[in-house]
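Chemist: In the working numbering, the protein residues as written are 954 to 1061. Glycine is no exception: its CB is placed at the ideal position from the N, C-alpha and C atoms. The model shown is predicted, which means the values in this text are computed figures rather than measured ones.
1. Ignoring anything shorter than 4 residues or poking outside the region 967-1016, list the alpha helix (DSSP H) runs there in chain order.
2. Using a Cβ-Cβ cutoff of less than 6 Å, which residues in the same chain neighbour residue 963 once the five nearest sequence positions on both sides are dropped?
3. Taking buried to mean at least 16 other C-beta atoms within 10 Å of its own C-beta, is residue 1020 buried or exposed?
4. When the Cα atoms are used, what is the spatial distance from residue 954 to residue 1024?
5. Considering only the beta carbon of each residue, do residue 974 and residue 967 sit closer than 9 Å?
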């Protein structure tokens, strides 16, 4: 097994979760540099453990830095459409529209 087999197998496992997700190569390289065991072909659990670790890191990452996105381009300008497939989204801000704007009691 080569040094590239484990990361490639891990990416294939992640692709099965969200086929349209396109990870940035620079982000992936950072993850491999930060966690050398991701590319270690002698690691006991191999691709499954590497995929799990990459998924954990992806969940904690800023998706704008980690991926090219998975939604179709120009989606923000389209109306009344249905987006098929599995996609990852990241919430940046949540607004409770049931409360008046000046209600500071429940702000974090």
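Modeler: The answer reads as follows:
1. 978-987 and 999-1013
2. 1000, 1003, 1004 and 1007
3. buried
4. Summary for residue 954: the model assigns pLDDT 44, below 50, so the residue's position carries little reliability; its value from the coordinates is reported in the next sentence. The straight-line gap from Cα to Cα measures roughly 34 Å.
5. yes
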